[in-house]
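Chemist:
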Amino acid sequence: MGIKTKTGVYVCHCGSNIAATVDVEDVTTFAARLPHVKTARHYPYMCSDPGQGLIRQDIRDKGLNRIVVAACSPRIHENTFRRTLEEAGLNPYCLEMANIREQCSWVHGDRSGATAKARKTVAAAAARARLLEPLQQKEVPVEPAVLVLGGGIAGIQCALDVAGAGFTVYLVEKEPSIGGRMAQLDKTFPTLDCSACILTPRMVDAAAHPRIELLSYSCLEEVSGYAGNFSVRVRKKARYVDADRCTGCGDCARECRLAGRVPSSFDLGLGRRSAIYRPFPQAVPAHYTIDRQRCLFLTKGRCGDAPPCVQVCSPGAIDFEQRDEVVELKVGAIVVATGCDLFDPSRKPEYGYRDYNNVITAMELERLLSASGPTEGSVVLGEGEDASVPRDIAFIKCVGSRDKSAGSEHCSKVCCMYTAKLAHLLGEKVPGASIRVYYMDVRASGKGYEEFYDRVRREGVRYIRGSPSEIFQRGSRLVVKVEDTLASTPLEDEVDMVVLAVGLEARGDAGRIVDMLRLSRSADGFFLEAHPKLAPVDTAVDGIYLAGACQAPKDIPDTVAQAKAAAASALGLLSAGRIKVGAEVCVVNEETCRGCGYCVQICPYGAVELAFSERYSHETALVNEVLCKGCGACAAACFSGSMQQRSFRDEHILSQVAVLGSKGKGDQV
Amino acid sequence: MEERFEPNIVAFLCNWCSYAGADLAGTSRMQYPPNVHIVRVMCTGRINPLFVVNAFQQGADGVLVSGCHPGECHYREGNYHARRRFTLLRELLVFTGVDRRRFNMSWVSASEGAKWREVVREAVEMAREAGPFEQFRREMIGW
Amino acid sequence: MDLEKLRAAAGNVLSRDDIGYLIGWGVGSYGFRTAPLFLRDAGEVHRLTFSPLCGSNLAVFLTMEYDVAAPAKGAAAKERIAVMVKGCDSRAVVQQIVERGVDRERLFLVGCPCEGVVDPGKVEKKFPGTVEPVRAGWENGAVVFWTGGQKVTLPGEEVLSAGCLDCSHPNPVLADIMPCEEVKLRRLAAREDVSMFEQKSSADRWLYWKRIFNTCIRCYACRNACPLCYCSDCLLERLSPAWLFRSVNLSENAAFHLARAFHLAGRCVECGACERACPVEVPLMLLNRKLAREVYERYGFQPGLDPDSPPFQAAFRPDDSEEFIL
Ligand SMILES: Cc1cc2nc3c(=O)[nH]c(=O)nc-3n(C[C@H](O)[C@H](O)[C@H](O)COP(=O)(O)OP(=O)(O)OC[C@H]3O[C@@H](n4cnc5c(N)ncnc54)[C@H](O)[C@@H]3O)c2cc1C
Ligand code: SF4
Ligand code: SF4
Ligand code: SF4
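Chains as they are written, first to last, in our numbering: chain V, 1 to 669; chain F, 670 to 812; chain C, 813 to 1138.
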């Protein structure tokens, strides 16, 4: 240490918050006698303007180069005081805070005990402060592009907002078309707009936007890098259809040898399509895709004498030679908008979803009601001769929500409202139908939601409180066994159709996404936000944001709001153009490093690598300071102490331990 | 009556969970004994087990390491590394005859102020029962 | 064990173009000691020996040569170093490979199946004051010594290192050639040292270690003999920051032994070289074996067996045990 250490210690009263329990004068006199301490003062509010002014003044007048502030938790005011130092021309990392409020005056009633502890805390802080080094934060440029993962309404909205602000967007969607769940819905609560009518224009806008590159039928393969500079590999799966030639006429699908024989997953198996298909008429992009699992030519190597699709396609778009393509993208931020899965009701066998054709899920009903769905909007059960229109219909709510035994404790939030919506729509489609809803609670908080629920009840939908225990068949009808808990009467309700209001749950591949992006998940499996209240679209990884139902069950208004928030956060990062990275990162002493690579193994961010050192003619560790998040796990694993974390070097911690471990009150150090 | 032995305990806390939990105990004005002295690190993964050995040399009667619950580490994995390291260190200490009540580890999240209070109370009680640590305390005389 | 076969093989190795030199054991000049031998010339192989006196672990020399460590990609190939390894020595080499301390490509391992090496403390007591160089060998499971013109045969239990009595890998786990026949795994004694020691009360355990730690003179011979203690600048001897004070006393010695043992947790291959190197008979293996047992029983890991395994101290499993956590 070339320059002589001159430390100033500032003890805060925090009004009476500290001073009532800790004898601040005593602590100040004690501090003044500590080694290297030039000045010690106490003041009613150190964080106030005059309080900070005191520190600034002393730095300038007395040439102080290390500052100890004994006050509240560093988690509250470390940044405040770092700025104070900076304003006085001192490096902000020459600050050490001694927490004598949250961890002393507020938790200890006894004045002498608390004062003794405060002394020791200050002595340890001063010992550590002496060894602190001035540090610089690095700044790196930000790549002016955003990757949006998932092309549901969340992803679409986010992409439009980011592109609208002038930045490039890569919108990656795993299905052949964007649209997500919303594309499957008939109408939307509470206003009953037609889902396709409000969604389709956005889909088209996204595809047509000059700054949005749509990568549909694609999946994420690898992500590396850090906020501002992510490298992403995306696999564009072969569609076997030349996107530039396909006009979307659909001749191929009509002529396909498997036409009408392949269950459509978009219609949840209720309708059938060909091996070459477009999931729904308004799909974006509009071109066709060959289902590689079904296509006879791709699976068997031949399709009759010649594939009819090839024969009828006049622009010659079918291309069986097409291969997957992997593209590398550079982006500054990533928005995850992968949406949610639906609870599989066969996990509750008592509801007979597998056994009875007339037990269906709400999403299946959406498809039946949709004018572009498999039944063109008519609600019929069975086919041909047996086709019949259900008259008595029961909805069961909270299937796979709020149900610990089914492994999902959370409320899915949208089911109350979509049940009301579907009940209303059914009433319209099937005049005279008798509809009852079995429920535990009705949660209708949202603009216009309670009013909508009220309207549906006034229309004659009966709400019966009770959670059915069983569904079984009686003749051609179904019996819902349930206890009406308000009337305390057991019921056996005979109906023609049961609709299960299935809950929303995390995507099956959420684990893979979490691993790739280094995110976390909350107990319910959805992606974890950085803070439930104050940072609901951020994640623990800088530069990665969440939007929509992948974070928690959400309806469309909330999804869109969050998508816009995620876009704004990403834009904040992008428009700044540069990003600061941590200063308290790890650093290697090449001279003593033995190149064992434990640090490389341990670093959860891949920030350490081994590189050949010319000087020592063997491999030594090398830290990428931009990737390092400053946890210090590598430093603790380094046997020879060659890996150190700035501001948390071995000597820093040992200096604190020397004071805090000693039996004395810290004064003899 | 004989004066009650007041053990001196050094606690290593991670910034994101346990240190925040200890702050919360303060904000909620929960009372606990002043015997615990806190060293803040960013992650339990940073805590070199030799710091613990050193604390005992310096005269600590007990040492506590506290971090985020498994799966909740701010840096994803630091607490898993810590768990292995300190499990082994504790076995080693106990094997050489150090009272097992002197070294403890806990998971305290940022919302568990009350748990932090209980952990402190427990650690202090255990160290109190174990008595003053003399075994390999550093004698400052002669140095 | 056929010494002539071994020497002939060593000669062949040394005549190869790609081999720079061979590290082996040479006849010692004093009592029960052997000396490490560095041979470049095939004509000198008669100086090589292999016997129950070859207790030192020659892998220790590999990491002293920095350019044996993994070289940069594309660096020109350098000459290989041949080294004679017992079973335990080969495990040390495997662990060195795991830790990138040496580059497998640069090594040529001459495997020497081993029936146990003597404990210097035990032979010292059997043959007090011997200064003349002694020869020794294995015969039908026993150890024979030629000293003062006489042949003395002693059962292994009486003279071998404790670790050798229940050795789990008498044959090298990694070798490029194995000139002599493999030996059979035999357990002369099932050692319960760790669990027996654990039966003692905490106070008694400390009394024992207090005495031991007080005996240690902190000469660092144990560390120097260990093939896995190859830091060029040992943390425990560093002045700034001073983890340990230089003074030799109970506190610093205890901290040294705890730290050394911990640094070797999940790495120590139980060759016993440290213990044999200690001039004052500190039972270093008791600490090593305690940790080795914990590492094996809790985490199912044994070091020095698989060159491709990740290093133990850099790994974890989310479901690792945590019974003591408050
Ligand atoms: C039966 C039912 C009825 C509903 N009715 C209404 C209603 O009337 N009103 C209302 O406001 N809300 C309603 N909702 C809720 C609404 O569907 C959601 O709020 C909305 O769809 C959430 O949008 P999202 O973009 O977050 O997710 P999603 O719509 O699920 O979109 C996610 C997109 O990401 C894609 N994706 C997933 N994983 C990946 C991956 N790994 N890589 C690339 N792409 C991926 C998916 O293919 C999908 O296109 C209803 C929900 C259900 C289940
Ligand atoms: S244990 Fe033995 S060899 Fe190791 S430092 Fe102590 S006296 Fe030296
Ligand atoms: S600590 Fe001792 S027994 Fe273990 S590898 Fe090193 S020398 Fe061999
Ligand atoms: S004791 Fe530890 S620091 Fe010293 S040489 Fe051995 S492994 Fe390296």
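Ideal Cβ placement from N, Cα and C applies to all residues, glycine included.
#1: Measuring CA to CA, which of F:740, F:777 and F:675 is closest to residue 734 of chain F?
#2: Jot down the residue ranges of each uninterrupted beta strand (DSSP E) in the stretch 313-349 of chain V, minimum 3 residues, whole runs only, in chain order.
#3: So, with DSSP's three-state summary, where would you put residue 685 of chain F?
#4: Give the C-beta separation of residue 938 of chain C and residue 971 of chain C to the nearest angstrom, bearing in mind that I take them to be a contact with Cβ-Cβ under 8 angstroms.
#5: Looking at the C-beta of residue 639 of chain V, does it have a partner C-beta in chain C at a distance below 8 angstroms?
#6: Could you name the residues of chain V that residue 808 of chain F contacts, counting a contact when the two beta carbons are closer than 8 angstroms?
#7: Decide if residue 222 of chain V is buried, meaning its Cβ has at least 16 other Cβ atoms within 10 Å, or exposed.
#8: For residue 302 of chain V, which beta-bridge partners are listed by DSSP?
#9: When you measure from the CB of residue 217 of chain V to every non-hydrogen atom of ligand 1, does any distance come out below 7 angstroms?
#10: Any C-beta of chain V sitting closer than 8 angstroms to the C-beta of residue 743 of chain F?
#11: For residue 1069 of chain C, name the three-state secondary structure that DSSP assigns.
#12: Contact criterion: CB-CB distance below 8 angstroms. Does residue 653 of chain V meet it with respect to chain F?
#13: At 9 angstroms on the CB atoms, spell out the chain C contacts of residue 722 of chain F, in chain order.
#14: Short of 6 angstroms in beta carbon distance, which residues of its chain neighbour residue 243 of chain V, apart from the five on each side in sequence? Order them along the chain.
#15: Taking the alpha helix (DSSP H) that residue 104 of chain V falls in, what are its first and last residues?
#16: Does the beta-carbon of residue 961 of chain C have 16 or more other beta-carbons within 10 angstroms, so that it is buried, or is it exposed?
#17: Less than 7 angstroms separating the Cβ of residue 176 of chain V from some heavy atom of ligand 1?
#18: Among the candidates C:868, C:826 and C:825, whose CA atom is the shortest distance from the CA of residue 838 of chain C?
#19: Within the chosen definition, does the stretch 174-184 of chain V reach the stretch 397-413 of chain V through at least 3 CB pairs nearer than 8 angstroms?
#20: Helix, strand or coil, according to DSSP, for residue 858 of chain C in the structure here?
#21: Can residue 399 of chain V be considered in contact with ligand 1, in the sense that its beta carbon sits closer than 7 angstroms to one or more heavy atoms?
#22: Kindly provide the ranges of any beta strand (DSSP E) runs that are 3 or more residues long and lie completely inside the stretch 747-808 of chain F, ordered along the chain.
#23: Which word fits residue 640 of chain V, buried or exposed, when buried means at least 16 other C-beta atoms lie within 10 angstroms of its C-beta?
#24: Could you check if residue 234 of chain V is buried or exposed, using at least 16 other CB atoms within 10 Å of its CB as the buried criterion?
#25: Taking just the CA atoms, how far does residue 227 of chain V sit from residue 574 of chain V?
#26: From the DSSP output, read off the bridge partner residues of residue 500 of chain V.
#27: Given 7 angstroms as the limit, tell me if residue 76 of chain V has its C-beta closer than that to any heavy atom belonging to ligand 1.
#28: Verify the CB distance criterion: does residue 909 of chain C have a CB-CB separation below 8 angstroms to chain F?
#29: From this set, F:711, F:703 and F:759, which residue's C-alpha is nearest residue 791 of chain F's C-alpha?
#30: Using a cut-off of 7 angstroms between C-beta atoms, extract the partners of residue 704 of chain F located in chain C.
#31: Taking only beta-carbon positions, decide if residue 768 of chain F is within less than 8 angstroms of chain C.
#32: Go ahead and pull the three-state DSSP assignment for residue 187 of chain V.
#33: Please report the distance separating the alpha-carbon of residue 884 of chain C from that of residue 552 of chain V.
#34: Ends of the alpha helix (DSSP H) at residue 76 of chain V?
#35: Residue 344 of chain V: beta carbon under 7 angstroms from a heavy atom of ligand 1?
#36: Are residue 172 of chain V and residue 147 of chain V closer than 8 angstroms when you measure CB to CB?
Modeler: With the structure as the only source:
#1: Indexing the second sequence from 1 puts residue 734 of chain F at position 65. When only C-alpha atoms are compared, the closest one is F:777.
#2: With a minimum length of 3 residues, the continuous beta strand (DSSP E) runs that stay inside the stretch 313-349 of chain V are 325-331, 333-336 and 340-342.
#3: Working through the second sequence from its first residue, we reach residue 685 of chain F at position 16. Coil.
#4: Against the third sequence, residue 938 of chain C aligns to sequence position 126. Against the third sequence, residue 971 of chain C aligns to sequence position 159. Yes, they are in contact, since the Cβ atoms of residue 938 of chain C and residue 971 of chain C sit about 6 angstroms apart, within 8 angstroms.
#5: Here the question's residue 639 of chain V lines up with position 639 in the first sequence. The beta carbon of residue 639 of chain V sits closer than 8 angstroms to some beta carbon of chain C.
#6: Along the second sequence, one-based indexing puts residue 808 of chain F at 139. By Cβ distance, chain V contributes nothing, its closest Cβ being about 12 angstroms from residue 808 of chain F, past 8 angstroms.
#7: As a first step, residue 222 of chain V must be located in the first sequence, where it is residue number 222. By the 10 Å Cβ count, residue 222 of chain V comes out exposed.
#8: Translated into positions along the first sequence, residue 302 of chain V becomes position 302. Partner(s): none; residue 302 of chain V has no beta bridge.
#9: Along the first sequence, one-based indexing puts residue 217 of chain V at 217. Residue 217 of chain V: no, Cβ never under 7 angstroms from ligand 1.
#10: Residue 743 of chain F sits at position 74 when you count from the first residue of the second sequence. A Cβ of chain V is located within less than 8 angstroms of the beta carbon of residue 743 of chain F.
#11: Position 257 of the third sequence, counting from 1, holds the residue named residue 1069 of chain C. Residue 1069 of chain C: helix per DSSP, three-state reduction.
#12: Numbered from 1 along the first sequence, position 653 holds the residue referred to as residue 653 of chain V. At least one chain F Cβ lies under 8 angstroms of residue 653 of chain V.
#13: For the purposes of this step, residue 722 of chain F is taken as the residue at position 53 of the second sequence. At a C-beta separation below 9 angstroms, residue 722 of chain F has these neighbours in chain C: 1055, 1066, 1067, 1070, 1071 and 1074.
#14: Position 243 of the first sequence holds residue 243 of chain V. Setting aside the 5 residues that flank it on each side, residue 243 of chain V is surrounded in the same chain by 287, each with a C-beta closer than 6 angstroms to its C-beta; the list follows chain order.
#15: Along the first sequence, one-based indexing puts residue 104 of chain V at 104. Run containing residue 104 of chain V: none; DSSP gives neither H nor E here.
#16: Residue 961 of chain C sits at position 149 when you count from the first residue of the third sequence. Answer is exposed; the Cβ neighbour count stays below 16.
#17: As a first step, residue 176 of chain V must be located in the first sequence, where it is residue number 176. No, Cβ of residue 176 of chain V sits at least 7 angstroms from all heavy atoms of ligand 1.
#18: As a first step, residue 838 of chain C must be located in the third sequence, where it is residue number 26. For residue 838 of chain C, the nearest C-alpha among the options comes from C:868.
#19: Segments in contact, no.
#20: Taking the first residue of the third sequence as position 1, residue 858 of chain C is located at position 46. Residue 858 of chain C carries a helical assignment under DSSP once its states are collapsed to helix, strand and coil.
#21: As a first step, residue 399 of chain V must be located in the first sequence, where it is residue number 399. A distance criterion of 7 angstroms places the beta-carbon of residue 399 of chain V beyond contact range of ligand 1, judged by its closest non-hydrogen atom.
#22: Qualifying beta strand (DSSP E) stretches, in chain order: 772-776.
#23: On the first sequence, residue 640 of chain V is found 640 positions in, with the first residue counted as 1. Residue 640 of chain V is buried by the Cβ-count criterion.
#24: Taking the first residue of the first sequence as 1, we reach residue 234 of chain V at position 234. Buried is the call here.
#25: Residue 574 of chain V sits at position 574 when you count from the first residue of the first sequence. Residue 227 of chain V sits at position 227 when you count from the first residue of the first sequence. Cα-Cα distance, rounded: 10 angstroms.
#26: Counting from one through the first sequence, the residue named residue 500 of chain V turns up at place 500. DSSP output for residue 500 of chain V lists V:361 and V:396 as bridge partner(s).
#27: What you label residue 76 of chain V is simply residue 76 of the first sequence in a count that begins at 1. Result no, Cβ not under 7 angstroms from ligand 1.
#28: In the third sequence, residue 909 of chain C corresponds to position 97, counting from 1. It does not: the Cβ of residue 909 of chain C has no partner Cβ on chain F nearer than 8 angstroms.
#29: Residue mapping note: residue 791 of chain F aligns to position 122 of the second sequence, counting from 1. Checked all of F:711, F:703 and F:759; the closest Cα to residue 791 of chain F is F:703.
#30: Taking the second sequence and counting its residues from 1, the one referred to as residue 704 of chain F is at position 35. None at all; the shortest Cβ gap to chain C is about 16 angstroms.
#31: Mapped onto the second sequence, residue 768 of chain F falls at position 99. It does; some Cβ of chain C falls within 8 angstroms.
#32: Position 187 of the first sequence, counted from the start, is the residue given in the question as residue 187 of chain V. If DSSP states are grouped into helix, strand and coil, residue 187 of chain V belongs with the strands.
#33: Taking the first residue of the third sequence as position 1, residue 884 of chain C is located at position 72. Taking the first residue of the first sequence as position 1, residue 552 of chain V is located at position 552. With a pLDDT of 48 at residue 884 of chain C, under the threshold of 50, the modelled position of this residue cannot be trusted, and the question is left open.
#34: Here the question's residue 76 of chain V lines up with position 76 in the first sequence. For residue 76 of chain V, the enclosing alpha helix (DSSP H) starts and ends at 74-87.
#35: Numbered from its first residue, the first sequence carries residue 344 of chain V at position 344. False, no ligand heavy atom lies under 7 angstroms from that Cβ.
#36: What you label residue 172 of chain V is simply residue 172 of the first sequence in a count that begins at 1. What you label residue 147 of chain V is simply residue 147 of the first sequence in a count that begins at 1. Inclusion of residue 172 of chain V and residue 147 of chain V in the CB contact set at 8 angstroms is warranted, their separation being smaller than that value.
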